[in-house]
Structure formats: structure tokens, C-alpha cells
Amino acid sequence: KEKEKEKEKEKEKEQEKPKPEVKTLTRVPKENPVQNNKQVQSTNKPHEVKKQEPKQHAVVVSAHPAIIPDAVVTDSAPVDQPKAEATPTPPVKPTQLVFRSSKHRERERISQVPPVTLPPVVPEEPIEDALKTEVMEKPVVIEKKASLLQELITPAPIQPRQQQPQQSKNINQQQTVVQQKEPAYEFEGILNASGVLEIMSDGYGFLRSSDYNYMSSPDDIYVSQSQIRLFGLKTGDVVEGPIRPPKEGEKFFPLVKVDKINGRKPEEVRDRVPFDHLKPLFPDQKFNLTKGYNDNLSCRVVDMFSPIGKGQRGLIVAQPKTGKTMLLKDIANAIAANHPEVYMIILLIDERPEEVTDMERSVNAEVIASTFDEPAERHVKIADIVLNKARRLVECGHDVVILLDSITRLARAYNTVQPASGKVLSGGVDANALQKPKRFFGAARNIENGGSLTIIATALTETGSKMDDVIFEEFKGTGNMELQLDRKLSNKRVFPAVDIIASSTRRDDLLLSEETLNRMWVLRNFLSDMNSTEAMEFLLNRLKRTSNNEEFLISMND
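One point on numbering: in the working numbering, the residue at position 288 of the sequence shown is 290, and numbering is uninterrupted.
This is the structure we're talking about:
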């Protein structure tokens, strides 16, 4: 009886003791290290049943003091626990039920997948130590070992297989686009170009080509404003340098570098004196139009009676159909043959196209032409560019010759372009229209200690137009050399149809020797009693008997 009483007291004491908290414990095998990170979820809901793997040993006890599970599924022996009186469980609301979605199930499946075993990473320190020992033994293989070390240490980029064909396609497309954008010819710094500079109103300029008569063309070369300021370029400068192909958005070939300006170095041209500040002098160096045996008779006549010097301002006064164009051609060929250092330009204004072609094929000079079917603005623009080019060459010390045919047509073009000033001369010539043609013709001069600009122009007379006579009268006293052509001689087919008595050169004593001057005075006195036809026929008969002018003058005593 005493033992039974002690047992009842112990039961009462145990009932009065607080119930211990029960925690869930899980055992994870060593084979699956990924499951160590798996969280053990405790369920407070009696209606939820948790599935467990048979290999895992777990004891599941509710942490809530009022909830005691009916049975514990374990592989180990059951634990003896005293039975406790059942306490009323609180009612569970239906909203506490959790329904797992398909995404949650997939996450559990993914978490149960065994991890991928990666290859072991080679440690850096032992490799470097090994390399140091190898370097000491074999110093020749240092670079190869270092490259192998970098390949081992730097991991290769992992790319998904599905994106590889797309990237290859994109790369091929980019390569085709790059091949299309690249120019067909790469000649930057290889091809040199030259042209006459024309500066626009915005400050930049273009190099015009003589093939297009210095007019705008698709072959023009762009010159930037910075280059013009750096080298002090002006309109009319002959610039030479390498060019490059145009890029996207560019229309013209740009000039990369300036190598030469008017045949000189850029350093020499930068400090040049402007043309208007140069001192003009009388011509003192004569052009030799005759050289050799029995040369052209036209050049021999001109060389004796109206010699041409460097810096001459000559005017050939001619009527229509007197052979002025042929005379210009003979003079041009003689100067080109005997004076190759001279830069010669033949400017044809308002002429026939067939004469332009004939002049280009028969004369070794630069031919710039504007035919009669072109507007007057084109005549004026071409004449301005040619004059500016000649001025820039003279500033650099070159000898330039311009043969103009004709100055009467050029003055007509200026009269057409010139806006009306209200003052009109006889023949319909504006009072201000002849200022620019005079400026063109007056640019011819011999420069002191420098180059020279020679202009030989033709003037039309007796054409039946009052305007032509007014233009000739304005230019009559401006030249220092005048050569008259006679229509009577051309009608008799006597060429050259030169009026010997009316033709002369101012200050010819600077061009001819004293002995030649004395003999020429005697010859002029002898021919002054004859008319122009008799004098020319007599002179041509005597010239044909001799080989040159010196021999002819010596034979005058006979």
C-alpha cells in the first residue's frame, strides 16, 4: 500500500511539472552535401501530413505545448514517455490550409538534384613556386611557361550552345556591312593632286582643275579653312599635296597636307609680297622668237619691228579675217620652244569651238577657253581665275605669259555683267564696265628683282560695231607694244599681214643692241616711202634669202 501511494504521488508530481518543448531533428547522410542547407520546416497544423524518406532518421514533435502527435515514425526503438491527459485543441480555421502550387513543387525537385562536380582549381602558389624553380633550371622556357600559366588561371568564358549560331550570324552580318562601308581603293598619302585654289565666301576653298576650265566639277578638292589660314593661301594659288578618299557625308576629296604652293615650299611663300606692292619696270629681257635656220617668217617680222620682252603689255590690233589667231599660235610655239622656263596660258574668250580644239592640239601650253555659246558670267569668271593665278605665280618669282583672244569680247562680257550705273558712253558701253578689263590688261609688268607677267591681247577694229571702236580707243594708249594687221595684205594672201610702219615697241632700246637698233632705223627709213603692201612684199623676199635676222641685217649693205 505504501508503494502504491508513492507511485500516485509521483504521477501527480509529473502532471504538475511543465511539459518540455520538443524539436525536430533530422539526420542527413554525408553523400548528399547539398541537403545540409535544407531547412527543416515545423508544421503547427494537425491536418498536414509530411512525407519522409525511409533512409532519414527523424523525430517529429510539435513545438506547441497543446499539440502532441499520435505517433512518431522512426527506425530506432520507441522512447518510454508518460501518458498525459488530452487537452482540448483550439479549432483550426480553414484559411490556414496551404495549397502548394506547381512552381513550389518544381523548386523542391530542383533543390533535390545532386550538385554538379566542378574540376578542381589549380592553386596559384604551388604553380608559381614550381615555375620559379623551372626558371632557374631552364631560363629559355620562361615565356612559354608564363603563357601556359595565364591560360590555366584565366577561366574560359562559358557560352550557351543555343546562342552560338546567332552570334556567328551577327558576326557575319557585321563583317559584310564593314566590307560594304570600306572604300574600294585605299590610296591615302599615295595620290597627289594639284589645282588652282578658289576661296569661297565662307572661308573654305576648292582646287579647280584646268580640264574643266577652272569651273566647279565633281573632281574638285576640298581645302579647309584652317589650312588656308595656316599657309596664307589666296585665290589663284597652285596648291599641290596628298589627298584622301571622302568619308561618310563628304562629297569631295579633301586635301590632307600642303606640299607645294606655286612650285615653292610653304615656308617660302608665307612671307611673300602682294602683287600690288611690287615695283613695275620696263621690259629689259627679250623673248627670242627665232632660233634655227629659216624659221617662221611671222615670228621673224615681229622679232625685228615690234620685239616682245618679259613683262610686255602688247596689243595686236586686227580686223576680222586677218590671221590674228594664227599669229598668236606662232608666237606661242616660239616662246614655248625657246623659253621653256616660262609658264604660258592661252585664254580664248568668246571664240569658236573648233579654234579651241585646234589651239589645244597645236600649242604646247595651257589652253583655257570659253566659247561664244557660253554666258557672259562664265567669261568673266574664267578671266578672273586666270588673272589671279598669274598674279600668284609672279609673286613667287615666275615668268608668266598670257595670250588673250580677244580683249574686245572680254570687255563686252564685263559690260553685260556690270550693273547699270546710269552713265553710258557711245555705243552702249557703261562707264564703269571697262574698269575690270583695264585691270586685267594693266596687270602685265616687269617686276624688280622678281618675276614678270606678259600679256599679248588682240583687239578688234572696223567690225561695224560702234562698241568695238570705243573699246579699242580705251585700250589704245595703255599698251607698250602695238602690232597692226592690215586687211589689204590678207586679201592678197600675204602673210603675215603686218603693217610694218604702224607697228612698234616702246623703249625697244632696252631689248635690242645698239648695232641692231642702228640698222633697224635705216631699214625703217627705207620702207617708210612705200605703202604697207609694197613694204611687206619687199621684206618677205629678202627674208627668204637669209637664215636668220642677223644675217638679213648684215646683208642690208648689198
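C-beta: ideal position from N, C-alpha, C; glycine also.
Going by beta carbon distance, what residues of the same chain come within less than 6 Å of residue i, once the five residues before and after it are set aside?
{"i": "residue 243", "result": "257, 259, 260, 261"}
{"i": "residue 282", "result": "447"}
{"i": "residue 429", "result": "468, 469, 472"}
{"i": "residue 13", "result": "none"}
{"i": "residue 482", "result": "315, 508"}
{"i": "residue 358", "result": "350, 371"}
Going by DSSP, which residues form a beta bridge with residue i?
{"i": "residue 346", "result": "403"}
{"i": "residue 224", "result": "208, 256"}
{"i": "residue 311", "result": "288"}
{"i": "residue 200", "result": "208"}
{"i": "residue 411", "result": "Paired residues: none, contrary to the question."}
{"i": "residue 266", "result": "263"}
{"i": "residue 316", "result": "458, 483"}
{"i": "residue 506", "result": "484"}
{"i": "residue 283", "result": "448"}
Is DSSP giving residue i helix, strand or coil here?
{"i": "residue 258", "result": "coil"}
{"i": "residue 249", "result": "coil"}
{"i": "residue 420", "result": "coil"}
{"i": "residue 491", "result": "helix"}
{"i": "residue 43", "result": "At residue 43 the pLDDT is 45, less than 50, meaning the model places this residue with poor confidence; the figure from the coordinates comes in the next sentence. Looking at residue 43 - three-state DSSP - the assignment turns out to be coil, as it is neither helix nor strand."}
{"i": "residue 447", "result": "strand"}
{"i": "residue 457", "result": "strand"}
{"i": "residue 428", "result": "coil"}
{"i": "residue 537", "result": "helix"}
{"i": "residue 482", "result": "coil"}
{"i": "residue 193", "result": "coil"}
{"i": "residue 142", "result": "Caution applies to residue 142, whose pLDDT of 44 falls short of 50 and renders its modelled position unreliable; the value that the coordinates give is listed next. In the structure shown, residue 142 sits in a helix (DSSP, three-state: H, G or I)."}
{"i": "residue 240", "result": "strand"}
{"i": "residue 132", "result": "Model confidence at residue 132 stands at a pLDDT of 47, short of 50, so the residue's coordinates are unreliable and nothing is read from them."}
{"i": "residue 440", "result": "helix"}
{"i": "residue 275", "result": "coil"}
{"i": "residue 496", "result": "coil"}
{"i": "residue 300", "result": "helix"}
{"i": "residue 7", "result": "helix"}
{"i": "residue 557", "result": "helix"}
{"i": "residue 532", "result": "coil"}
{"i": "residue 15", "result": "helix"}
{"i": "residue 216", "result": "coil"}
{"i": "residue 137", "result": "Because the pLDDT at residue 137 is just 43, under 50, the model does not fix this residue reliably, and the value given afterwards should be weighed accordingly. The answer is helix: DSSP assigns residue 137 an H, G or I state."}
{"i": "residue 547", "result": "helix"}
{"i": "residue 552", "result": "helix"}
{"i": "residue 501", "result": "coil"}
{"i": "residue 518", "result": "helix"}
Since residue i and residue j should fall inside the 8 Å C-beta cutoff, what is the C-beta to C-beta distance between them, to a whole number of angstroms?
{"i": "residue 307", "j": "residue 502", "result": "5 Å"}
{"i": "residue 554", "j": "residue 542", "result": "Actually they are not in contact, since the Cβ atoms of residue 554 and residue 542 sit about 11 Å apart, beyond 8 Å."}
{"i": "residue 280", "j": "residue 449", "result": "5 Å"}
{"i": "residue 317", "j": "residue 459", "result": "6 Å"}
{"i": "residue 487", "j": "residue 292", "result": "Contact flag wrong, Cβ pair sits at about 20 Å."}
{"i": "residue 419", "j": "residue 378", "result": "5 Å"}
{"i": "residue 498", "j": "residue 303", "result": "6 Å"}
{"i": "residue 230", "j": "residue 195", "result": "About 17 Å; that fails the 8 Å criterion."}
{"i": "residue 389", "j": "residue 445", "result": "6 Å"}
{"i": "residue 238", "j": "residue 299", "result": "With a Cβ gap of about 37 Å, residue 238 and residue 299 do not count as contacting."}
{"i": "residue 372", "j": "residue 215", "result": "7 Å"}
{"i": "residue 370", "j": "residue 415", "result": "14 Å between Cβ atoms; not a contact."}
Which same chain residues end up closer than 7 Å to residue i when comparing Cβ atoms and leaving out the 5 residues on each side of it in sequence?
{"i": "residue 309", "result": "288, 507, 510, 513, 514"}
{"i": "residue 519", "result": "511"}
{"i": "residue 489", "result": "321, 324"}
{"i": "residue 334", "result": "346, 348, 365, 367, 405"}
{"i": "residue 341", "result": "289"}
{"i": "residue 332", "result": "298, 300, 301"}
{"i": "residue 382", "result": "415, 416, 419"}
{"i": "residue 539", "result": "496"}
{"i": "residue 1", "result": "Because the chain is modelled from 3 through 560, residue 1 falls outside the range shown and cannot be assessed."}
{"i": "residue 361", "result": "331, 348, 350, 369"}
{"i": "residue 399", "result": "452, 453"}
{"i": "residue 491", "result": "499, 534, 535, 538"}
For residue i, decide whether its Cβ has a neighbour in chain B, counting only Cβ atoms nearer than 7 Å.
{"i": "residue 516", "result": "Of the protein chains in the structure, only one exists, and it is not chain B."}
Could you pull out every residue in the same chain whose Cβ sits closer than 8 Å to the Cβ of residue i, ignoring the five residues on either side in sequence?
{"i": "residue 218", "result": "208, 210"}
{"i": "residue 402", "result": "344, 345, 346, 347, 392, 395, 396, 453, 454, 455, 456"}
{"i": "residue 537", "result": "502, 503, 529"}
{"i": "residue 386", "result": "none"}
{"i": "residue 573", "result": "The chain is shown only over 3 to 560; residue 573 falls outside these bounds and no answer can be derived."}
{"i": "residue 436", "result": "413, 416, 417, 473, 476"}
For the ligand FMN, is there any heavy atom lying closer than 6 Å to the beta carbon of residue i?
{"i": "residue 342", "result": "Annotation note on the ligand FMN: not contained in the displayed structure, which lists no ligands."}
Please list the segments of the beta strand (DSSP E) lying wholly inside the stretch 320–397, counting only runs of 3 or more residues, in order along the chain. 345–353, 368–373
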